[in-house]
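Heads up, the sequence shown is in my numbering, so the first residue is 1 and it goes up one at a time.
Where is the CB? At the ideal position from N, CA and C, for every residue including glycine.
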Amino acid sequence: MDNFDDNMQELFANLEAAATTQGFQVDGQAETTSQIEHSTADSQRATTPVGTPLQDAPPLLPLQAEQPTYSMSTTFHSGGANSDTILVSPDHVIFYVDSSVLLSASQNAFNCLLSPEAMGATAGPLHVVLVPEHSVLLNVMLHAIYSMSCSHYNPPLGTLLEAIPALKKYGIPEDHFIATSTPLFAHILAETPRNPVSVFLAAAENNLEHLAVASSAHLHSLELHKLTDEMADRMGSRYLQRLFRLHVERTEYLKRLLLDAPKGHEDTLKCGFVEQKRSTRAWALAAASLVWDIKPDMPASLLRSTLGSLEQQLECDACKASLTARIRQVVLDWLTNAKSTI
């Protein structure tokens, strides 16, 4: 816990002044739509709090029956070096930041919140700036700007994706926060199996090629006919076409693999042309049953079980060996050579 002292008295006075100047509510009663959506969608997933509550906060607005409780960011706290600016979220979490870091990363003075005009209007050694983003989102954004991982906070995937347009709004270039080498990219990629469709949509609408390609590897089971108009609009024609092409190319490749029957062998007294022709016909029937229900995410186990069942119909050891070798090659090619991403 952080103890309240004279410095905190001055801080809260600054917060009150900033709230009055910038027109933000500080009573803690209003929730943004984004906050409501996050609390509903991620109600079953525990997120580590981003701040530590402050004790003995002075009254900010005397007319209010209850005063808000402020928390200080666990990472961006008052002990940070070169902190000259305080960012305050609508849910009353305080983030101490170095304005020079934000300004060097931003192309629009942090959405003009840190412009010379805005900074000059704030009195005192610390600049107090209220931002509209809730604390969990703001925490993700600041970690991305500082090139740090926030995975230990366990933020919801929706918040990670929400940070992409939010950072762009604050003038942070994409190559600074979502390049393949950045912590945010790695974090989103690790969370992608939870909801690959959402990741692909976010990547497509923000034209993030590397993220779209990586997330498409998890969309083999997506039923394309169930895509809504809204989802198609978010993907755009370019990424939608590439996703359709991925599914088509995977199914066509598997069809070609299945059309190639096991190789025959030299005729023997027990297994001649007629017997081997019967074996080839059995393979064709099994392959046809697979092609009838073929899908881009056809499990290798289904291929093994369906084609492997043909061995019961064979008496020739050479035919059995040829069948086993062909099944092994089909499965190997399907798992390693089939196109996996857009």
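Asked	Found
Specify whether the segment 186 to 198 and the segment 210 to 223 touch according to this definition: at least 3 beta carbon pairs, one from each stretch, less than 8 Å apart.	yes
Which of helix, strand or coil does DSSP assign to residue 239?	helix
Using beta-carbon positions only, say whether residue 109 and residue 137 come within less than 8 Å of one another.	no
Looking at the structure shown, is residue 153 part of a helix, part of a strand, or coil, going by DSSP?	helix
Pairs of beta-carbons, one from the segment 195 to 204 and one from the segment 268 to 276, closer than 8 Å: are there three or more?	no
Between which two residues does the alpha helix (DSSP H) containing residue 77 stretch?	Segment: none, residue 77 is in no alpha helix (DSSP H) and carries neither H nor E.
Here's a check: name, in chain order, each residue in its chain whose Cβ is nearer than 7 Å to the Cβ of residue 300, leaving out the five neighbours to either side.	331, 334, 335
Can you find at least 3 beta carbon pairs, one from the segment 244 to 252 and one from the segment 294 to 314, that sit closer than 8 Å?	yes
Evaluate residue 112 with the Cβ neighbour count: other Cβ atoms within 10 Å of its Cβ, from every protein chain shown; 16 or more gives buried, anything less gives exposed.	exposed
State buried or exposed for residue 148, treating a residue as buried only when at least 16 other CB atoms are found within 10 Å of its CB.	exposed
Could you pull the start and end residues of the beta strand (DSSP E) that residue 273 belongs to?	Not the beta strand (DSSP E): residue 273 falls in the alpha helix (DSSP H), residues 273 to 292.
Could you check where the beta strand (DSSP E) with residue 110 kicks off and where it finishes?	Counting along the chain, residue 110 falls outside any beta strand (DSSP E), and DSSP gives it neither H nor E.
Does DSSP put residue 125 in a helix, in a strand, or in coil?	coil
Rounded to the nearest angstrom, what separates residue 154 and residue 256 at their Cα positions?	44 Å
Considering Cα atoms alone, identify which of 288, 290, 323 is closest to residue 276.	323
Could you give the first and the last residue of the continuous beta strand (DSSP E) run that contains residue 85?	85 to 88
Whole angstroms are fine: how far does the CA of residue 311 sit from the CA of residue 284?	14 Å
Closest Cβ-Cβ distance between residue 184 and chain B: below 8 Å?	Structure shown: chain B not included; a single protein chain is present.
Indicate whether the contact test is met: 3 or more Cβ pairs, each with one atom in the segment 93 to 102 and one in the segment 66 to 83, closer than 8 Å.	yes
Look at the Cβ atom of residue 174, then the Cβ atom of residue 227, and state whether they are nearer than 8 Å.	no
To which residues does DSSP link residue 53 through a beta bridge?	71
According to DSSP, what are the bridge partners of residue 130?	88
So, for residue 235: in the same chain, excluding its five sequence neighbours on each side, which residues have a beta-carbon less than 6 Å away from its beta-carbon?	204
Should residue 321 go down as buried or exposed, given a rule of 16 or more other Cβ atoms within 10 Å for buried?	exposed
Comparing C-alpha positions only, which one of 302, 259, 266 sits nearest to residue 281?	259
To the nearest angstrom, how far is it from the Cα of residue 104 to the Cα of residue 220?	41 Å
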